[in-house]
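Be aware that the first sequence starts at 1371, since it is given in the working numbering, and climbs by one per residue.
Cβ coordinates follow ideal geometry from the N, Cα and C atoms, glycine included.
What follows is a set of notes on a single structure, which appears directly below.
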Amino acid sequence: MYNFQKIEAKWQEKWRQAEVFKTPKTDNRPKRYILDMFPYPSGSGLHVGHVESYTATDIYSRFSRGCGYRVLHPQGFDAFGLPAENYAIKTGTHPTETIKTAIAIFTKQIDSLGISYDWSHSVVTSEPDYYKFTQWFFLLMYKNGLAYKKKAKVNWCSNCQTVLAREQAEGGICERCGTAVIQKDLEQWFFKITDFIEDQEYEGRKISGLLSGLDSLDWPESTKAGQRHWIGRSSGAKVNFTLLTSDQSEFSVEVFTTRLDTIFGCTYLVLAPEHPLVEDLLGQAENSTAVKDYLKQVSKKTELERTDLNKDKTGVPIRGVSAINPFNHQKIPVFIADYVLANYGSGAVMAVPAHDERDYAFAQKYQLPIKTVIQPETGLDFDEGVFTADGLLLDSGEYTGLTSLLARQRMVDFLERTRQGGEQVNYRLRDWLVSRQRYWGAPIPIIYCDDCGAVPVPKKDLPVLLPEDVDFRPTGESPLKNSSSFHQVTCPLCGASARRESDTMDTFVCSSWYFLRYADPQNKTVFADPSKLKEWLPVDLYFGGAEHTVLHLLYARFFTKVLRKYGYLDFDEPFLRLRHQGIILGEDGNKMSKSKGNVVNPDSLTNLSGADALRLYEMFMGPLEEMKPWNSQGISGVSRFLDRVERIFDESPRSDDEEAVSFLQQTIKKVSADINNFKFNTAISALMIFVNYLYEAKNKKGEWPLANENLGKFLRLLEPFAPHLAEELWERLGYSSFLALSPWPEYQPELVKVETFILAVQINGKLRASLQAPIGLDQESALVLAKADPVVSKWLEGVEIVRQIYIPEKLLNLVTR
RNA sequence: GCCGCGGUGGCGGAAUUGGUAGACGCGCUGGACUUAAAAUCCAGUUGUGGCGACACAGUGCGGGUUCGAUUCCCGCCCGCGGCACCA
């Protein structure tokens, strides 16, 4: 086995000293910004998933440099956040320390893989130089009315005494202790992301919306679908119902429906327990005790209980109150039920049990009338029960007989005419809750003054530094409140004593703009100089895990659109091309986890087989984007391949052979195309096939069939995948320049000399012979050739050829009778 | 339930617009070299039948279109990922 330890250390040092991968200054070459999703620097170091992702972008970067692009290929660290804080709570070590150590480990590990990052363009989100601008972004949002404070329900773990981030309360259970999360009303900061769902124009600048902007992007379809679903646009109608109480007072309540065509089947109305009208109606209810009991019950429920689909729906009627259907003027009962969500639409729905499954279940339980008003267009054959599809209207007054589609249009017209409602679009997407009652994050730059109210921290006072001298153990309030030096300040406007906002920002805020900072990471005055942004942005290739399908990518797009709107950027989508890597499973087919003991450590592999072998193996395992299991024996295959490559360069005569040169050209074509399409597994396969061919030819000829110049071209193809060995062998060929900086070989079709091909002869679609034939063979000669074959002629005995299909250079199919 | 992705040898996987299914690699079997082992090299490796040339079957299942289907269409089954009372 070749001495990979020595070779890899040697070239890593040479690259570093010669600054081979330094980001180039502006010149007339086209640019390519190739970006990895930056990692969270955890104490356990790099795992094989990082290696997969970083190798993939490294291959593309090295390839791009060879192809004459100016390349920006940076890496940084997403250092704020709960894992570091929780680790700190557990061990008592300050997050600043653990992060510093972890970053050192990550950097060393990444360098030992030979990844061609330019570390001078790095960022660390927990450093004041960085979060100064995270705070600046907050102020930009605030100034433009895009950051606001309101009371909101947040996830609260009563055991840990803290608010949880949404991703920490998945399934309604606290990630840390397993306690069921409850909802608490607290004042929270929000970003108005919902303002950017649809296209808009501002001071002559067109900004595509979060929805339509997706259309032009080269992203995986699944990711686009995930974002569209999360935004959840649904168009329907708002309808006003009049509520009548026993003392003849009237209220109006708005409902949202996508199925206005079913309104003649509406047999009751439902309000969410949190609906503002509930309080007003409480006094009117004949059964106010029962209603109060129900409200109390609901408030005690955990999020988990409330969203459990397997549980029976619950609710309570408001007796003495009824609603009037604006279409048929029928009086219907009004319910409060927690299957209606307060924060979607208007928090009230018209219930049509015959045509909605949820309403049906509720109606059955409370024995409410079920009135069918839609029948399938195909007529007749429909059973009792719920029919949720569109169809023809039944029993619906003047609308009877219309299709659902037409009925919806006419009914909306009626609502608009009579001012009882109209068209309405709703979204599932809510505004982004960005405040966290946690220590390890960027402080929100707001000061509260008794006289002046909420006052933004003046720009000259940024960054608002995160104090290091606080007890960061969670108490239910932000730990920053414990630091009096931090908390007690004077008002920037009037100078009176005031207090600082003690919440920090969601780490997703920090990661929503880091890709802009890479263009100009040292800038002290602005987040990035406009000229630098123009030089590098938008990102040409963004690569990372599919777990960021929704949140991170949506937030980063939102930030970009805000910046575009206010003139800081000249583009409105940050990531033009996006690809995900598939998860690497453990050898047992399970997800890698410490508890399962199936975690593969990259360090042990670089020590055992070398970085080049590890890189090559991970790229050879299978399609990049697919989930695939680790196979510890698999790496020996690529190690063997590298050994075979190395032995070609042992002393031995070498001279160009026409056939080998031709094959090399075909390999150049194949490998280049595969890299462009991120099909690294087949690119490596092509390199292996070529090396196998060289050995075969040498066995026949007694010498290697390629001279040095062409062997150099082969090394250039190998370099993105196995850069250390490739550089070493390049040097052995006598070159003193860096292979990484030499141009990518151009495919020269005129050197491809292929004289024969294998003609597949089929009879009635079944393969009967594979014959060697000269290129350019015409159909007639192909038939002659085929007939001369004993197997073919046997099959043609006593039958008549009624049809021939000839695909030149490929196949001849004879159809017989 | 909805959305998205997938199902090919013992294993990971390969197959331009439909055109030789199983490339490449792992593993396995046999052989060469060696006192022996490792390493390396050579040969074989979808199944069934046959010494063999060959033949038949075969890309989750059932149909269809076609000279020809892993690829296209219809109807299912299974697995994975995401969302999940969004009216």
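Check your understanding: According to DSSP, is W1589 helix, strand or coil?
Key -> On the first sequence, position 219 is the one that residue 1589 refers to. Coil.
Review point. For P1444 versus D1488, is the C-beta distance shorter than 7 Å?
Key: Residue numbering aside, residue 1444 sits at position 74 when the first sequence is read from its first letter. Residue numbering aside, residue 1488 sits at position 118 when the first sequence is read from its first letter. Against a cut-off of 7 Å, the Cβ pair of D1488 and P1444 comes out as a contact.
Exercise for review: Please work out which residues of its chain come closer than 7 Å, Cβ to Cβ, to E1422, disregarding the five sequence neighbours upstream and downstream, and give them in chain order.
Suggested key: Walking along the first sequence from the start, residue 1422 turns up at place 52. Excluding residues up to 5 positions away in sequence, Q1951, I1954 and E1988 lie with their Cβ nearer than 7 Å to the Cβ of E1422 in the same chain.
Point to revise | Spatial distance of V2122 from K2083 (CA atoms) | key: For the purposes of this step, residue 2122 is taken as the residue at position 752 of the first sequence. For the purposes of this step, residue 2083 is taken as the residue at position 713 of the first sequence. For V2122 and K2083, the distance between alpha carbons rounds to 15 Å.
Practice item. Please check the pair L2166 and Q2174, which I expect to be a contact at CB under 8 Å, by giving their CB distance rounded to whole angstroms. Key: Looking up residue 2166 in the first sequence gives position 796. Looking up residue 2174 in the first sequence gives position 804. No, L2166 and Q2174 are not in contact; Cβ-Cβ is about 12 Å, not under 8 Å.
Point to revise | Bounding residues of the beta strand (DSSP E) (the contiguous stretch that carries G2007) | key: Mapped onto the first sequence, residue 2007 falls at position 637. From DSSP, G2007 is part of no beta strand (DSSP E) but of the alpha helix (DSSP H) over G2004 to I2018.
Review point. Using the C-alpha atoms, what's the distance from F2091 back to R2213?
Key: Outside the modelled stretch of the chain, which goes from 1371 to 2187, sits residue 2213, for which no answer is possible.
Exercise for review: Alpha carbon to alpha carbon, how far is R1575 from I1563? Give it in angstroms, no decimals.
Suggested key: What you label residue 1563 is simply residue 193 of the first sequence in a count that begins at 1. What you label residue 1575 is simply residue 205 of the first sequence in a count that begins at 1. Those two C-alpha atoms are separated by around 18 Å.
Check your understanding: In whole angstroms, what is the alpha-carbon distance linking D1631 and M1781?
Key -> For the purposes of this step, residue 1631 is taken as the residue at position 261 of the first sequence. For the purposes of this step, residue 1781 is taken as the residue at position 411 of the first sequence. Spanning the two alpha carbons is a distance of roughly 7 Å.
Practice item. Per DSSP, which residues does A1721 bridge with? Please list them. Key: Taking the first residue of the first sequence as 1, we reach residue 1721 at position 351. Bridge partners of A1721: Y1638.
Exercise for review: Go through the region 1847–1885 residue by residue and report every complete run of the alpha helix (DSSP H) that reaches 4 residues or more, in order.
Suggested key: The region 1847–1885 contains these whole alpha helix (DSSP H) runs: 1854–1857 and 1877–1880.
Practice item. Run the CB neighbour count on K2040, radius 10 Å, all protein chains shown included, and call it buried at 16 or more, exposed below. Key: For the purposes of this step, residue 2040 is taken as residue 670 along the first sequence, with counting starting at 1. With 16 or more other Cβ atoms within 10 Å, it is buried.
Review point. Which runs of the alpha helix (DSSP H) fall wholly inside the region 2028–2110 and span at least 4 residues, in chain order?
Key: 2028–2046, 2050–2071, 2078–2088 and 2093–2102
Exercise for review: Only counting runs of 3 or more residues, tell me where the beta strand (DSSP E) segments fall wholly within the region 1907–1931, in order along the chain.
Suggested key: 1911–1915
Check your understanding: Taking Cβ to Cβ, would you say S1578 is nearer than 7 Å to D2148?
Key -> The residue given as residue 1578 occupies position 208 in the first sequence. The residue given as residue 2148 occupies position 778 in the first sequence. Going by C-beta atoms, S1578 is not nearer than 7 Å to D2148.
Check your understanding: At what residues does the alpha helix (DSSP H) containing I1459 begin and finish?
Key -> As a position in the first sequence, residue 1459 is number 89, starting the count at 1. Residues L1452 to T1461.
Check your understanding: Which residue from D1765, K1392, G1462 and G1419 puts its Cα closest to that of S1431?
Key -> To locate residue 1431, count along the first sequence from 1; it is residue 61. Measuring C-alpha to C-alpha distances from S1431 to each of D1765, K1392, G1462 and G1419 identifies K1392 as the nearest.
**Study point:** G1451, buried or exposed, once every other Cβ within 10 Å from all chains shown has been counted against 16
**Key:** Here residue 1451 corresponds to residue number 81 of the first sequence, with the count starting at 1. Label assigned to G1451: buried.
Practice item. Would you identify the three-state DSSP class for I1633, choosing helix, strand or coil? Key: For the purposes of this step, residue 1633 is identified with residue 263 of the first sequence, where counting begins at 1. I1633 falls in the helix class under three-state DSSP.
Point to revise | Where A2158 sits in the DSSP three-state scheme | key: Translated into positions along the first sequence, residue 2158 becomes position 788. Coil.
Check your understanding: What is the DSSP secondary structure of D1488, counted as helix, strand or coil?
Key -> The residue you call residue 1488 lines up with position 118 of the first sequence. The answer is coil: DSSP assigns D1488 none of H, G, I, E or B.
Exercise for review: Between the Cα of Q2036 and those of N2069, S2107 and P2115, spot the shortest distance and give me the residue it belongs to.
Suggested key: Counting from 1 along the first sequence, the entry for residue 2036 is found at position 666. Looking at the Cα atoms, P2115 is the closest of the given residues.
Review point. So what does D1555 bridge to, in DSSP terms?
Key: Counting from one through the first sequence, the residue named residue 1555 turns up at place 185. Paired residues: K1523.
Review point. Do D1428 and I1473 have their C-beta atoms closer together than 7 Å?
Key: Position 58 of the first sequence, counted from the start, is the residue given in the question as residue 1428. Position 103 of the first sequence, counted from the start, is the residue given in the question as residue 1473. Cβ distance not < 7 Å, so D1428 and I1473 don't count as in contact.
Exercise for review: With distances taken Cα to Cα, identify the nearest neighbour of A1706 among E1727, Y1736, K1681 and L1903.
Suggested key: For the purposes of this step, residue 1706 is taken as the residue at position 336 of the first sequence. Looking at the sequence itself, residue 1706 is Ile, so the reference to Ala does not match. Comparing Cα-Cα distances from I1706 to each of E1727, Y1736, K1681 and L1903, the minimum goes to Y1736.
Check your understanding: Would you say V1804 and L1863 are within 7 Å of each other, going by their C-beta atoms?
Key -> Walking along the first sequence from the start, residue 1804 turns up at place 434. Walking along the first sequence from the start, residue 1863 turns up at place 493. Their beta carbons are not under 7 Å apart, which means V1804 does not touch L1863 by this criterion.
Review point. The beta strand (DSSP E) spanning R1440 covers which residue range?
Key: On the first sequence, position 70 is the one that residue 1440 refers to. Looking at the DSSP string, the run of the beta strand (DSSP E) that includes R1440 is R1440 to L1442.
Exercise for review: Indicate whether S1853 and Q1807 have their beta-carbon atoms separated by less than 7 Å.
Suggested key: Your numbering for residue 1853 matches position 483 in the first sequence. Your numbering for residue 1807 matches position 437 in the first sequence. Judged by their CB atoms, S1853 and Q1807 are not nearer to each other than the 7 Å cut-off.
Exercise for review: Look at the Cβ atom of G1446, then the Cβ atom of F1476, and state whether they are nearer than 7 Å.
Suggested key: Your numbering for residue 1446 matches position 76 in the first sequence. Your numbering for residue 1476 matches position 106 in the first sequence. No; because the gap between Cβ atoms is not below 7 Å, this pair is not in contact.
Review point. With a Cβ-Cβ cutoff of 7 Å, do M1962 and F2011 count as a contact?
Key: Residue numbering aside, residue 1962 sits at position 592 when the first sequence is read from its first letter. Residue numbering aside, residue 2011 sits at position 641 when the first sequence is read from its first letter. Going by C-beta atoms, M1962 is not nearer than 7 Å to F2011.
Exercise for review: Rank S2163, V2169 and A2143 by C-alpha distance to the C-alpha of K2180 and give the top, closest one.
Suggested key: For this step, residue 2180 is matched to residue 810 along the first sequence. Of S2163, V2169 and A2143, the residue nearest in Cα terms is A2143.
**Study point:** Span of the beta strand (DSSP E), counted from its first residue to its last, around C1898
**Key:** In the first sequence, the residue the question calls residue 1898 occupies position 528. As written in the sequence, residue 1898 is Ala, which differs from the Cys given in the question. Unbroken run through A1898: none, as it is neither H nor E.
**Study point:** Selected residue, minimal CA-CA separation from R1728, among I1688, N1680 and L1764
**Key:** Taking the first sequence and counting its residues from 1, one reaches residue 1728 at position 358. Closest option to R1728, Cα to Cα, is N1680.
**Study point:** Nearest-angstrom Cα separation, counted from L1641 out to S1716
**Key:** Taking the first sequence and counting its residues from 1, the one referred to as residue 1716 is at position 346. Taking the first sequence and counting its residues from 1, the one referred to as residue 1641 is at position 271. Cα to Cα, S1716 sits roughly 9 Å from L1641.
Exercise for review: For G1685, count neighbouring C-beta atoms within 10 Å of its own C-beta (all shown protein chains included) and say buried if the count is 16 or more, exposed if not.
Suggested key: Taking the first residue of the first sequence as position 1, residue 1685 is located at position 315. Label assigned to G1685: buried.
Review point. Which whole-angstrom value describes the C-beta separation of L1924 and Q1597, a residue pair presumed to lie in contact below a C-beta threshold of 8 Å?
Key: Within the first sequence, numbered from 1, the residue matching residue 1924 stands at position 554. Within the first sequence, numbered from 1, the residue matching residue 1597 stands at position 227. Rounded, the Cβ-Cβ distance is 6 Å, consistent with contact.
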